[in-house]
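In terms of the numbering used here, the sequence shown has 48 at position 43, counting the first letter as 1, and numbering is strictly consecutive.
For every residue, glycine included, the Cβ atom is placed at its ideal position computed from N, Cα and C.
Inspection log for the structure reproduced underneath, given as structure tokens.
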Amino acid sequence: MSFFYYTYKYVTRTKWLDEQNIQYVERHIAEDNPSYDELKAWYRKSGLSLRKFFNTSGMLYREMQLKSKLPEMSEESQLELLATNGMLVKRPLVVKGDVVLLGFKEAEWNEKLI
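Dropping the structure here:
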């Protein structure tokens with residue numbers, strides 16, 4: 006089964022997918038940001054907190070001082086913000102049917118993707 010893999014310079018993770026013979030469609034998240042509707046759907050499917058979708062270690066996140074701003078923002082405003090710039094989104098992001106994975110955790114990827 007193929008799925009979408011959203012990345013920005015994650016050769017190691019791509020190598021892992023290739024080694025597992027998993028077919029995927031790679032999407033460069035900085036050049037082709039996820040839309041508001043995509044993010045909302047993935048958020049709902051994931052069961053994760055919306056904060057987990059933010060790249061909290063990213064330079065843009067820090068420059069925008071989002072750590073202090075996000076708690077006061079509505080869910081809709083946070084999704085709209087994520088849709089403005091792919092660099093705000095946690096990577097890698099994997100979407101396979103109803104499975105949404107954020108960040109590379111090998112054990113989780115083994116469980117959900119293989």
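Asn-26 is classed as exposed because its beta carbon has fewer than 16 other beta carbons within 10 Å across all chains shown. Counting other Cβ atoms within 10 Å of its Cβ, Asn-38 reaches 16 or more and is therefore classed as buried. In the structure shown, Arg-96 adopts coil according to DSSP, grouped into three states. Closest in alpha carbon position to Thr-89, among Ile-34, Lys-110, Pro-97, is Ile-34. Counting only runs of 3+ residues, the beta strand (DSSP E) found wholly inside the segment 52-101 occupies 98-101, in chain order. Boundaries for Glu-36: no beta strand (DSSP E) harbours it, and the DSSP string shows neither H nor E there.
In terms of Cα proximity to Val-104, the closest of Leu-65, Arg-18, Phe-59, Ala-46 is Ala-46.
When C-alpha distances from Glu-81 are compared across Arg-32, Asn-115, Ser-40, the shortest belongs to Ser-40.
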